[in-house]
Amino acid sequence: MLEIRNLHVRVDAKPILRGVDLVIRAGEVHAVMGPNGSGKSTLANVLAGRDGYEVTQGSVLFRGKDLLSLAPEARARAGVFLAFQYPVEIPGVGNSYFMKAALNTVREARGLPTLDAIDFLKLVKQKARELEMDEAFLSRSVNEGFSGGEKKRNEILQMSLLEPALAVLDETDSGLDIDALRIVADGVNRLRSPERAVLAITHYQRLLDYLVPDRTHVLIGGRIAKSGDRSLALELEKRGYAWIEAEAQ
Amino acid sequence: MRGAAAERAFERIHASAAHGRSERAREEAWRTFAERGLPTTHDEGWRFTSLAPLEALDFAAPQPGEIPAEPLAAARARVGPARLITFSNGSFSGPPGESLEHGLADGRLALGSVLDPKLSALSALNTALLSGGAFIDVARSDTESQPIHVLHWLGGGAPQLVSPRVHVVVRAGASATLVEHFVGAPGSRGFSNSGTELVVERDARLRYVQVQELPESAFHVSSLATRQERGSRVELASLALGARLARVEISSTLSGESAELEVNGLYLGRGAQHQDHYTTIDHASPRTTSRELFKGILDGRAHGVFHGRVHVRPDAQKIDAAQTNRTLLLSDGAVIDSKPQLEIYADDVKCSHGASVGQLDSDQIFYLRARGLDLERARALLTFAFASEVLGKLPLETLRESLERSLLAWLPLGGVL
Numbered sequence: 014m015l016e017i018r019n020l021h022v023r024v025d026a027k028p029i030l031r032g033v034d035l036v037i038r039a040g041e042v043h044a045v046m047g048p049n050g051s052g053k054s055t056l057a058n059v060l061a062g063r064d065g066y067e068v069t070q071g072s073v074l075f076r077g078k079d080l081l082s083l084a085p086e087a088r089a090r091a092g093v094f095l096a097f098q099y100p101v102e103i104p105g106v107g108n109s110y111f112m113k114a115a116l117n118t119v120r121e122a123r124g125l126p127t128l129d130a131i132d133f134l135k136l137v138k139q140k141a142r143e144l145e146m147d148e149a150f151l152s153r154s155v156n157e158g159f160s161g162g163e164k165k166r167n168e169i170l171q172m173s174l175l176e177p178a179l180a181v182l183d184e185t186d187s188g189l190d191i192d193a194l195r196i197v198a199d200g201v202n203r204l205r206s207p208e209r210a211v212l213a214i215t216h217y218q219r220l221l222d223y224l225v226p227d228r229t230h231v232l233i234g235g236r237i238a239k240s241g242d243r244s245l246a247l248e249l250e251k252r253g254y255a256w257i258e259a260e261a262q
Numbered sequence: 451m452r453g454a455a456a457e458r459a460f461e462r463i464h465a466s467a468a469h470g471r472s473e474r475a476r477e478e479a480w481r482t483f484a485e486r487g488l489p490t491t492h493d494e495g496w497r498f499t500s501l502a503p504l505e506a507l508d509f510a511a512p513q514p515g516e517i518p519a520e521p522l523a524a525a526r527a528r529v530g531p532a533r534l535i536t537f538s539n540g541s542f543s544g545p546p547g548e549s550l551e552h553g554l555a556d557g558r559l560a561l562g563s564v565l566d567p568k569l570s571a572l573s574a575l576n577t578a579l580l581s582g583g584a585f586i587d588v589a590r591s592d593t594e595s596q597p598i599h600v601l602h603w604l605g606g607g608a609p610q611l612v613s614p615r616v617h618v619v620v621r622a623g624a625s626a627t628l629v630e631h632f633v634g635a636p637g638s639r640g641f642s643n644s645g646t647e648l649v650v651e652r653d654a655r656l657r658y659v660q661v662q663e664l665p666e667s668a669f670h671v672s673s674l675a676t677r678q679e680r681g682s683r684v685e686l687a688s689l690a691l692g693a694r695l696a697r698v699e700i701s702s703t704l705s706g707e708s709a710e711l712e713v714n715g716l717y718l719g720r721g722a723q724h725q726d727h728y729t730t731i732d733h734a735s736p737r738t739t740s741r742e743l744f745k746g747i748l749d750g751r752a753h754g755v756f757h758g759r760v761h762v763r764p765d766a767q768k769i770d771a772a773q774t775n776r777t778l779l780l781s782d783g784a785v786i787d788s789k790p791q792l793e794i795y796a797d798d799v800k801c802s803h804g805a806s807v808g809q810l811d812s813d814q815i816f817y818l819r820a821r822g823l824d825l826e827r828a829r830a831l832l833t834f835a836f837a838s839e840v841l842g843k844l845p846l847e848t849l850r851e852s853l854e855r856s857l858l859a860w861l862p863l864g865g866v867l
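As you go down the protein sequences, you meet chains A and B in turn. If you count by our numbering, then the first sequence holds residues 14 to 262, one letter each, in order. If you count by our numbering, then the second sequence holds residues 451 to 867, one letter each, in order.
Written out as structure tokens, the structure is:
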């Protein structure tokens with residue numbers, strides 16, 4: 014599904030990622046953990062195609078095709094979804110209008126029929142219910158005045174509508190209380206299937222209690238310093254990152 | 451006067467006009483105008499707006515005529531169900547009981563009691579050459595029965611000067627919604643120099659919307675004055691969509707304690723259009739509040755001007771005033787001149803102002819693209835959203851929705867939405 018090879022990325026001429034290798038197969042959930050400043054969000058943003066991230070070396074293949082040459086919208090249409098760490102507020106753009114536009118654009122690109130207003134509303138209401146989101150959020154402007162947790166839920170709502178092949182979650186768990194965390198993780202779990210993959214970037218092990226990953230990676234200093242299974246996350250929680258940093262040296 | 455073609459024409463119109471009841475007031479206003487002449491860019495307050503293209507025209511006196519059926523129907527559809535009062539080429543046609551003459555005759559009103567001809571040369575010109583007037587007196591008993599739609603039609607042919615006046619009183623405790631709507635014949639080079647006076651008595655409420663969608667060949671100056679008594683609330687909105695050159699001059703006085711004022715504006719400019727808003731809010735009493743939000747989208751070589759004066763008098767404490775002006779420039783040739791002017795002479799006052807000029811937010815564009823919308827569509831959507839903040843505050847749903855459709859049609863990329 015996703016093959017990252019020797020990826021080097023600079024931001025403002027400063028090297029952030031310094032040779033990341035990561036392969037995620039269809040059906041897998043991978044967690045990337047790491048201390049602040051290790052390059053976790055850079056990895057998420059570069060996959061989604063945000064401006065200002067300069068790839069100086071390496072490659073990213075998504076379903077065998079070069080991902081980095083695509084515009085952000087083309088990546089979304091091809092099936093890559095980034096759940097933002099800080100979802101932006103867009104006053105004046107209705108949440109429901111926005112999600113319908115996004116869904117129909119993506120469906121069109123996948124050769125599926127577009128949904129009319131009624132079918133869309135039915136679908137989005139059902140998805141919102143699954144995430145225990147009040148329908149009132151659908152008629153408000155995109156993320157405007159939403160609390161931190163509501164914004165994250167709105168990200169997962171979009172993800173469950175767009176049904177991406179690869180979902181990249183950028184610290185979606187931060188700022189969530191334990192109930193919200195469970196609801197969000199359930200939303201991601203519902204998406205899991207043999208044809209899909211998830212890359213969950215997180216600070217905390219607790220998300221992984223709900224979203225049991227197949228592989229856990231530790232990103233330190235712009236490189237994957239250690240990879241392991243579920244138990245690595247638990248060990249990190251107990252021992253911190255220092256021992257891996259020491260091991261890596 | 452300096453003797454520009456337009457000024458000579460105004461003099462001719464003045465000499466030939468029949469005056470009637472308010473002769474003295476009108477003569478005095480004429481003297482005020484004759485003394486000052488049309489403003490130039492040397493005048494304070496007119497630095498960014500030149501009337502040169504208007505000065506060269508030889509205006510005729512307003513021509514009688516009726517509003518053609520088609521634009522009349524379109525204008526009515528835009529506003530929705532409302533009580534209609536019309537002005538055709540500046541002359542009033544409505545219920546005789548609601549003519550300005552009638553209000554002057556029975557002594558309920560004196561000419562220029564709110565819109566002082568001394569305020570500006572153009573308000574003096576409006577008074578001096580008054581071509582017709584409406585006097586709308588809203589009593590508590592007919593509160594909000596229906597919105598009032600005042601429709602001004604500016605005909606084509608030889609350029610004419612029209613000088614309509616609308617005087618509204620909302621009596622104590624009453625409430626009203628009024629749309630003042632300016633439309634014209636395609637290609638009209640006329641000059642609509644209108645005056646509007648709004649008096650809102652104790653604890654009364656008025657929502658006033660000016661929709662200016664004259665053809666992009668016409669000239670428009672609107673002098674609008676409001677006076678508010680204690681506990682009243684006024685919401686003004688100015689939608690400057692059309693005309694070659696337009697200036698809306700708002701002078702609001704919060705004369706009674708705890709009066710509230712909200713002023714919203716949206717200006718659209720393309721080609722060589724010029725859209726000017728000059729607002730003055732006078733906090734003359736304690737505990738008065740004002741909120742001002744003006745947004746503009748300028749394309750081509752359009753020129754926008756926003757001048758926001760807020761005046762707080764020495765004995766007016768506990769004032770809360772906020773002013774915001776934001777403009778999106780869609781082209782390199784478009785220009786905005788934005789000037790806040792706070793004059794605060796009291797000490798217990800909360801005043802803020804902010805202005806921004808620029809392009810769309812790149813984080814918002816990225817967010818939309820990351821969900822599959824292409825760049826053009828993301829830009830169109832955000833531009834539309836920028837303007838719809840102002841439209842969203844309008845009181846009438848039909849009007850709001852029809853203006854949203856017009857905005858989409860106006861936007862260079864609106865078709866992709």
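Even glycine gets a Cβ: it sits at the ideal position worked out from N, Cα and C.
Looking at B:I598, B:G547 and B:V650, the one whose alpha-carbon comes closest to that of V564 (chain B) is B:V650. Around L95 (chain A), the beta-carbon contacts reaching into chain B at under 7 Å are A820.
Pairing A696 (chain B) with Q725 (chain B) gives a Cβ-Cβ distance under 7 Å. Residue-level contact check: A835 (chain B) touches chain A, since one or more beta carbons of chain A fall below 7 Å from its beta carbon. Residue state for D508 (chain B) is assigned as coil, using DSSP reduced to three classes. V564 (chain B) sits in coil when the DSSP states are folded into three classes, being neither helix nor strand.
In the DSSP assignment, M112 (chain A) falls within the alpha helix (DSSP H) that extends over N108 to A122. Annotation note: the segment 38 to 120 of chain A contains the following uninterrupted beta strand (DSSP E) runs of length 3 or greater, listed N- to C-terminal: 42 to 46, 66 to 75, 93 to 96 and 103 to 107. Relative to S154 (chain A), the option among A:D25, A:P126, A:T55 and A:Y110 whose CA is nearest is A:Y110. Three or more Cβ pairs closer than 8 Å define a contact, and the segment 231 to 238 of chain A falls short of that threshold against the segment 74 to 87 of chain A. Interface with chain B (7 Å Cβ-Cβ cutoff): P126 (chain A) is excluded.
In the assembly as shown, L656 (chain B) is a buried residue. Its beta-carbon has 16 or more other beta-carbons within 10 Å.
Taking all protein chains in view, the Cβ of Y795 (chain B) is surrounded by fewer than 16 other Cβ atoms within 10 Å, so the residue is classified as exposed. In chain order, H757 place their CB closer than 6 Å to the CB of K789 (chain B), counting only its own chain and leaving out the 5 sequence neighbours on each side. In terms of CA proximity to F133 (chain A), A:M112 leads the group A:R228, A:V119 and A:M112. The beta-carbon of Q809 (chain B) is placed no less than 7 Å from the nearest beta-carbon of chain A. Selection B:A479, B:V600 and B:G487 evaluated against G540 (chain B) yields B:V600 as nearest (Cα-Cα). Nearest CB-CB separation between D782 (chain B) and chain A: not below the 7 Å threshold. If you look at A527 (chain B), you'll find it in the alpha helix (DSSP H) that goes A519 to V529.
Shown here, K27 (chain A) sits in a strand according to DSSP, grouped into three states.
Of all residues in the segment 61 to 75 of chain A, only A61, G62, R63 and D64 come within less than 8 Å of chain B when Cβ atoms are compared, listed by chain position. Contact between L743 (chain B) and T777 (chain B) does not hold, since the beta-carbon distance rounds to 12 Å and is not under 8 Å.
The three-state secondary structure of Y728 (chain B), taken from DSSP, is strand. At least one CB atom of chain A sits nearer than 7 Å to the CB of E839 (chain B). Chain-ordered, the chain B residues with CB closer than 9 Å to the CB of I103 (chain A) read D811, Q814, Y817, L818, L831, L832 and A835. Counted as a single uninterrupted DSSP element, the alpha helix (DSSP H) harbouring V197 (chain A) occupies residues I191 to L204. In this structure, DSSP gives W256 (chain A) a helical state, which the three-state scheme calls helix. At a cut-off of 7 Å between beta carbons, L823 (chain B) contacts chain A. Only residues of its own chain outside the window of five on either side were considered, and among them G32, V33, D34, Q70, G71 and S72 have a CB closer than 8 Å to the CB of N19 (chain A), listed in chain order.
Look at the segment 766 to 803 of chain B and you find these whole runs of beta strand (DSSP E), each 3 residues long or longer: 769 to 779 and 785 to 794. Between the alpha carbons of R680 (chain B) and T730 (chain B) lies a distance of about 19 Å. The straight-line gap separating the alpha-carbon atoms of K768 (chain B) and S705 (chain B) is approximately 14 Å. Considering only beta carbons, the part of the segment 80 to 92 of chain A lying closer than 9 Å to chain B consists of A84, P85, E86, A87, R88, A89 and R90, in chain order. Taking a Cβ-Cβ cut-off of 7 Å, A259 (chain A) has no neighbours in chain B, whose nearest Cβ is about 37 Å from it. Secondary structure at S573 (chain B): helix, using DSSP grouped into helix, strand and coil.
Contact fails between the segment 547 to 563 of chain B and the segment 680 to 691 of chain B, because fewer than three Cβ pairs, one in each stretch, are under 8 Å apart.
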